[in-house]
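Peer 1: Just dropping this structure here.
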Amino acid sequence: MSATTLKIGPLPDTTPVKLTIAVDPDVNADLELYAQIYEETYKEKASVAVLIPSMLEAFLASDSGFKKARKARGSHPNSSK
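Letter by letter, the sequence shown follows residues 16 to 96 of this note's numbering.
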């Protein structure tokens with residue numbers, strides 16, 4: 016019996032990891048304001064907790080120093096290391 020080969024391999028682990036953070040009152044106010052502006056812009060309510068993962072993802076994707084260091088370490092962009 017031959018092994019089946021598919022174009023995609025096993026899917027990566029996408030189980031969310033829950034983090035708890037504390038932020039300064041000014042940062043919290045900015046996050047709340049961002050959520051308000053998001054709702055006004057897209058006519059869709061999104062809590063700060065829902066927006067933060069996308070904010071962090073965008074920040075990490077735009078940090079050229081981080082991308083360069085990650086590449087030098089041989090870390091895959093979606094790995095847990």
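Backbone N, C-alpha and C define an ideal beta-carbon position, used for all residues, glycine too.
Remember, it's a predicted structure, so these values are computed and weren't measured experimentally.
Assuming ALA50 and SER62 make a contact with CB atoms under 8 angstroms, what is their CB distance in whole Å?
Peer 2: One-based indexing of the sequence shown puts residue 50 at position 35. One-based indexing of the sequence shown puts residue 62 at position 47. Yes, they are in contact, since the Cβ atoms of ALA50 and SER62 sit about 6 angstroms apart, within 8 angstroms.
Peer 1: Which of the three DSSP states is assigned to GLY101 in this structure?
Peer 2: A question about residue 101 goes unanswered here, because the residues of the chain that appear run from 16 up to 96.
Peer 1: Can you tell which of SER90, LEU46, THR30 and ALA18 has its C-alpha closest to the C-alpha of ALA37?
Peer 2: For the purposes of this step, residue 37 is taken as residue 22 along the sequence shown, with counting starting at 1. Nearest C-alpha to ALA37: LEU46.
Peer 1: Where does GLY24 fall in DSSP's three states?
Peer 2: Along the sequence shown, read from residue 1 onward, the residue named residue 24 stands at position 9. It is coil, neither helix nor strand.
Peer 1: Is the beta carbon of TYR53 less than 8 angstroms from the beta carbon of LEU66?
Peer 2: Locating residue 53 in the sequence shown gives position 38, where the first residue counts as 1. Locating residue 66 in the sequence shown gives position 51, where the first residue counts as 1. The answer is yes: Cβ separation under 8 angstroms.
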